[in-house]
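For the record, in the sequence shown the residue sitting at position 509 is 509 according to the UniProt record's numbering, with numbers rising by one throughout.
No residue lacks a Cβ here, since even glycine has one placed at the ideal position from N, Cα and C.
These numbers were taken from a predicted model, which means no experiment stands behind them.
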Amino acid sequence: MAITAWESKVAAKQQAGRDKIPKEWLLPASVMNLLRVPLPEHPNRIIEMDIPRQSGILSEKELNITEKYTVEELLEQLRKGVLSSLEVTIAFSKRAAMAQQLLSCLTETYFPEAQDRARFLDSERAAGRLVGPLHGLPISVKDGFQIAGTAATIGFVSFLDHALSEKNSPLVEILLELGAVVYVKTNIPQTLMANSHNNIFGRTLNPHNTALTAGGSSGGEGALIAFRGSPLGIGTDIAGSIRIPSLCCGTYGFKPSTARIPFGGQPSPVRDGMSFFEPSAGPLANDIQALRILCRSVLSTRPAMYDATALDVPWRDLEVPPSAPKLRLGLLTEDSAFPLHPPVKRALAQAVRALEAKGHQVVPISPLRAQVSNALALGFAYFGLDEPPAHIAASGEPLVPSVIQAMQTFGSFKCDFLADCEGLQGIPRVAALNVKRESIADEWRKVWRDERLDAVIGPAAQNTAVAHDTYGLPPYTLLLNVLDYPACIIPFGKASSALDAEHFTMGSDQVGPSCTVERYSLLLVTSHHHYQFTFLLPLRNLEQHSNMGSTSIAMRPWISVESWGPDRLDVVGIGMDDQMYRKRFDRGDGGWKPSVDAAWEPLSGKFKQIPAAISWSFGRLDIFGIGLNNQMYYKAWGNNRKTGGSWIVSDWQSIEGGFKSPPVPVSWGNGRIDLFGIGMDDQMYRKVYGGQWSPGGWEPLTGKFKSPPAAVSWGSDRLDVFGIGLDDQMYHRAWESKAWTTSSWTPMTGKFKSQPIVVSWGQGRLDVFGIGMDDQMYHKAYNGTNWVTKEWKGINGKFKSVPSAVSWGQGRIDVFGIGLDDQMYHKAYDNGGWVGDWKGIGGKFKSAPAAVSWGKGRIDVFGIGMDDGVWQQYYSNNAWASKWGGLGGKFKTF
1 MAITAWESKV AAKQQAGRDK IPKEWLLPAS VMNLLRVPLP EHPNRIIEMD
51 IPRQSGILSE KELNITEKYT VEELLEQLRK GVLSSLEVTI AFSKRAAMAQ
101 QLLSCLTETY FPEAQDRARF LDSERAAGRL VGPLHGLPIS VKDGFQIAGT
151 AATIGFVSFL DHALSEKNSP LVEILLELGA VVYVKTNIPQ TLMANSHNNI
201 FGRTLNPHNT ALTAGGSSGG EGALIAFRGS PLGIGTDIAG SIRIPSLCCG
251 TYGFKPSTAR IPFGGQPSPV RDGMSFFEPS AGPLANDIQA LRILCRSVLS
301 TRPAMYDATA LDVPWRDLEV PPSAPKLRLG LLTEDSAFPL HPPVKRALAQ
351 AVRALEAKGH QVVPISPLRA QVSNALALGF AYFGLDEPPA HIAASGEPLV
401 PSVIQAMQTF GSFKCDFLAD CEGLQGIPRV AALNVKRESI ADEWRKVWRD
451 ERLDAVIGPA AQNTAVAHDT YGLPPYTLLL NVLDYPACII PFGKASSALD
501 AEHFTMGSDQ VGPSCTVERY SLLLVTSHHH YQFTFLLPLR NLEQHSNMGS
551 TSIAMRPWIS VESWGPDRLD VVGIGMDDQM YRKRFDRGDG GWKPSVDAAW
601 EPLSGKFKQI PAAISWSFGR LDIFGIGLNN QMYYKAWGNN RKTGGSWIVS
651 DWQSIEGGFK SPPVPVSWGN GRIDLFGIGM DDQMYRKVYG GQWSPGGWEP
701 LTGKFKSPPA AVSWGSDRLD VFGIGLDDQM YHRAWESKAW TTSSWTPMTG
751 KFKSQPIVVS WGQGRLDVFG IGMDDQMYHK AYNGTNWVTK EWKGINGKFK
801 SVPSAVSWGQ GRIDVFGIGL DDQMYHKAYD NGGWVGDWKG IGGKFKSAPA
851 AVSWGKGRID VFGIGMDDGV WQQYYSNNAW ASKWGGLGGK FKTF
């Protein structure tokens, strides 16, 4: 038979992929001869055969790297330098190459490029710099994510004729910024169905049993991770495409709500712009903590700044109390149209018994209310709104068997939910379907309300992994896409021929994969061999933090202001181009420079965090920022009224480190700066300037923190430092007489959603402020010997920003915050008591306030307005100026 044009293209692509695997990583014949072929037709148990160890390709250390560590443990070893990124990357690359030879799970490999990247990351670490919280970690991504210079075919032969990707997808850019090593892309099904089989890269096999499907459409990820050829992978999900491979391959998988993890920058299988409910991107891994690490790290970068389709909503850590509360859990029960296979029914029953034994309540949700069938009908109606794309016909390739089988299966599914939509076309049909979707969402709203549920458990599918080309429809997973709920796959037990011997017959009015005892026993289990099954944990829209942990973040300032003498102000901020800018006010030099109407002075550099400015004497200004590589940078200004001012340190100087929080400098004397920041490992670090920076690295102060620190000095050689711990409590540590007064952090109780703010108006006096979980501002004071009050005192008000506090004299504090109406509010403490209630001082702001005083009775306060420009208000002669003054510019806000 003659070779067709499309087959020739495929053969060339496949050969190019094989050529990229180093010869020394090819599995020897002695290993391959252990397998029964063809692999898809025989139940080869690749994982149980321990082929990586038998092959001799991996050293014992490389086997341990790929098998013995969780992702969190790997990252810890990489941070400490116990393992290098290069050796970790090579270990997982070798294992991924083996997986490709056995399972056909990869589409693109970047082994040489990944090793170059790992060497760079190791050199950064050797210099004391961590690029990000994923520093040195290999991560695999699904084929649709674009990597510059390579293809993204998404399983269509015709896409082999497309130009290579010109740039990385936004999520790939974020992963690189976080320090990851992207080393492979993974296989995907033709038309993104539930069996990962296409005509370019072939059929992805299940490493537990090669006669079973690995699922889809992120099947390459599921198979690779189950084989431990990747510690952490990224898939996508529009009907179950993360969750189905996870349940088939026995991994953890998390589908966030739409637009939480950036999905943009991928080729589409349908007409551009034809989207009615969006896909989600999310992680797959062998431990649940890895899912949390990935989501938290990605969201720390503000994905909306990379991908216009992503939400600008920060990660929130959820405190897990020492004594876990009793939960009220909904149970998604079997829909009779899609009967559950015996091992799935047993899994749910076991899960219910285990939860109830711990005192949790489990409330069944009836099929009538769950609307699994209705959601499936609706989902496929949405999918059918566009004309079938010409991607397959364009090359002449045939449909793969699983696509044909799925089309036939849906044709046999009957549901009258959409009966009143029949005959409608175009916009009227779209509108009618949207109304139907709203009705499903509203019924679930009532379920959550009526049953007072905390979460829901349910089957991830009717079945565990089934024979190739028989998976069929995704009713239980597609429901969660229609609702846009986040959902997590949790492996829970194994199928067993002894325990699951119940005879199973599919009724004439039922839909799903067949599961006779004989076939089930042959394909899923033999004697004592078991197969994993899973259950699903869905939550309401955007509640994914509750899945893996959650906290609120208050609005922060994105400008910093400092004064080094009377009538002198310096304001710095981060512009829309990531560069830092400055304006300075000097009455003796004619006021604002550059002028109010002029552009701000560019200070060059590229920065990703709020800047900080500090002065330790008249005419001296030190400015700090976190660069795009997470290192700390600074420059310094010196001024003399007789000779003028200039930059002493003109170019930005790196003082290294790797930070996820803004810099926090404090000075307790001439020529002295103590600089603090939160590292990529959530620890607080310090560096000291006393003519030069020391120590050579950064001093770790232990503890784990979720907020930027706050620091203040009330006397020579005295520092007080505060931070919000991972439990939302505030913690305190003091430095005095050249040493820390305690070896660990002291808890101050309270629960806070903002970073702390601290101010001192005299020797031995501290006043600390923070925004509580109820949005109220709280205050605590220290008198040099003791905390004045044991408990935090609420000072009323409701705020959405971090507060700002300043003192211009003994016994005087002025506090500012942005209210829930976006207006700025002010309150004063004078001579032992608060003066009146909060007073609005006008304006509308999208950043927290930044306040400073350069003399008794004088306050200047700044904020970024709704126009992204900087606005100033000042207090003098016991009164506020008549209106806010604009200083122009365009600045970033958090």
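### Query
Between the Cα of Y485 and the Cα atoms of F254, Q190 and Q653, which residue gives the shortest distance?
If we check each option's Cα against that of Y485, F254 comes out closest.
### Assigned exposure category for W647 - 16 Cβ within 10 Å defines buried
exposed
### Message
Between the alpha carbons of C488 and I244, how many angstroms are there, rounded?
### Response
11 Å
### Query
So which of L103, S268, G81 and F338 has the shortest CA-CA distance to D122?
The candidate whose alpha carbon is nearest that of D122 is G81.
### Query
Looking at the unbroken alpha helix (DSSP H) that takes in W444, where does it start and where does it end?
Going by DSSP, W444 is part of the alpha helix (DSSP H) stretching over G426 to E451.
### Task
Taking only the alpha-carbon atoms, compute the straight-line gap between A259 and K780 and give it to the nearest angstrom.
Approximately 40 Å, taken between the alpha carbons.
### Query
Under a Cβ-count criterion, where at least 16 other Cβ atoms within 10 Å of its own Cβ denotes burial, should G216 be classed as buried or exposed?
buried
#### Entry: Alpha-carbon spacing of M274 relative to M407, whole angstroms
20 Å
### Query
What is the residue span of the alpha helix (DSSP H) that W6 lies within?
A5 to D19
### Query
Based on the DSSP output, what are the partners of L766 in its beta bridges?
When beta bridges are read from the DSSP output, L766 appears opposite Y782.
### Query
M730 lies in the beta strand (DSSP E); which residues open and close that run?
M730 to E736
### Message
If contacts are defined as beta-carbon pairs under 8 Å, then P663 and G677 qualify, I think. What distance do you get, rounded to the angstrom?
### Response
Contact holds; Cβ gap of about 5 Å.
### Query
Does DSSP classify S521 as helix, strand or coil?
With a pLDDT of 27 at S521, under the threshold of 50, the predicted position of this residue should be treated as unreliable, though the coordinate-derived value follows. Reduced to three states, the DSSP call for S521 is helix.
### Query
Under 7 Å between the Cβ atoms of T204 and S104?
yes
### Query
Do you know whose CA, among F624, Q405, G426 and K751, lies nearest Y731's CA?
K751
### Query
I813 and Y829: beta carbons closer than 7 Å?
yes
### Query
For the putative contact between S667 and S713, defined by C-beta atoms under 8 Å, what is the C-beta separation to the nearest angstrom?
7 Å
### Query
Grouping DSSP H, G and I as helix and E and B as strand, with all else coil, what is L247?
Three-state DSSP puts L247 in a helix.
### Message
Please tell me whether S239 and L385 are closer than 7 Å, where the distance is taken between their beta carbons.
### Response
In the sequence as presented, Ser is not what sits at residue 239; that position holds Ala. It is not a contact, given that the beta carbons lie outside the stated cut-off.
### Query
Using the rule of at least 16 other Cβ atoms within 10 Å of the residue's Cβ for burial, across every protein chain shown, is F301 buried or exposed?
First, the residue type needs correcting, since residue 301 is Thr and not Phe in the sequence shown. So T301 ends up on the buried side.
#### Entry: Sub-7 Å separation of D868 and K883 beta-carbons
no
### Message
One question on the structure: do F722 and V688 come within less than 7 Å of each other, judged by their Cβ atoms?
### Response
Result no, Cβ atoms of F722 and V688 do not sit closer than 7 Å.
### Message
So for L284, helix, strand or coil by DSSP?
### Response
strand
#### Entry: Environment of L523 [buried if 16+ CB atoms lie within 10 Å]
Below a pLDDT of 50, predicted positions are generally treated as unreliable, and L523, at 29, falls in that range; no measurement from the model is reported.
### Query
Do you know how far the Cα of L102 is from the Cα of P700?
So the alpha carbons of these two residues sit roughly 46 Å apart.
### Query
Taking the C-alpha atoms as reference points, what is the distance between V141 and Y252?
16 Å
### Message
Let's test the definition: count the other Cβ atoms within 10 Å of the Cβ of A377 and tell me whether it reaches 16, buried, or not, exposed.
### Response
buried
### Message
Can you give me the C-alpha to C-alpha distance between F156 and L178, rounded to a whole angstrom?
### Response
31 Å
### Task
Check whether the region 418 to 426 touches the region 283 to 301, taking contact to mean three or more Cβ pairs, one atom from each stretch, closer than 8 Å.
no
### Task
Pick helix, strand or coil for R369, following the three-state DSSP scheme.
helix
### Query
Between which two residues does the alpha helix (DSSP H) harbouring K80 extend?
Element bounds for K80: V71 to K80.
### Query
Quick one: is E562 buried, meaning 16 or more other Cβ sit within 10 Å of its Cβ, or exposed?
buried
### Task
Closer than 6 Å by C-beta to L603: which residues in its own chain qualify, once you throw out the five before and the five after it? Chain order, please.
M580 and R582
### Message
Please report the distance separating the alpha-carbon of V525 from that of L311.
### Response
Caution applies to V525, whose pLDDT of 26 falls short of 50 and renders its modelled position unreliable; the model cannot decide the point.
#### Entry: alpha helix (DSSP H) segment containing N481, residue limits
For N481, the uninterrupted alpha helix (DSSP H) segment begins and ends at P475 to L483.
### Query
N199 to E7, Cα distance in whole Å?
9 Å
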